[in-house]
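The structure appears below as structure tokens.
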Amino acid sequence: MARESKSPHSTPTFCVRKPNGKWRLVRAYNKLNNATVPAQTPIPRKDVLLNNIRAEGGQTAMEVHLKHLRRVREVMRANKRYANIDKRMRR
């Protein structure tokens, strides 16, 4: 059962037959796009934000992270512990 939406945020949705005979769901976003107000400033990329965020002492988040990694490595070496690089780099 389908009914017409009264929401101002909805978009017309309907089915169109594809050349192979199957149906495709289509949404007409043109009215919604026309009503959208564009951003005044561009949205920065995530990597740019992470590199420029300042932590305590005026350091970037990346600098703080690298400082922490160096300290961890120092403690590991002092205690004769070593990281398995192959295991660490696996995802």
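Sequential numbering of the sequence shown, starting at 3, is according to our numbering.
Backbone N, C-alpha and C define an ideal beta-carbon position, used for all residues, glycine too.
Computed from a prediction, not measured in an experiment: that's the story for all the values here.
Within the model, the alpha-carbon separation for N53 versus H70 is close to 16 Å. If you check the CB distance, T13 and L34 come in under 7 Å. In the three-state scheme derived from DSSP, where H, G and I count as helix and E and B as strand, V50 is classed as helix.
Following the DSSP letters along the chain, one finds R19 inside the beta strand (DSSP E) bounded by residues T15 to R19.
Per the coordinates, the alpha-carbon of R75 lies some 39 Å from the alpha-carbon of P44.
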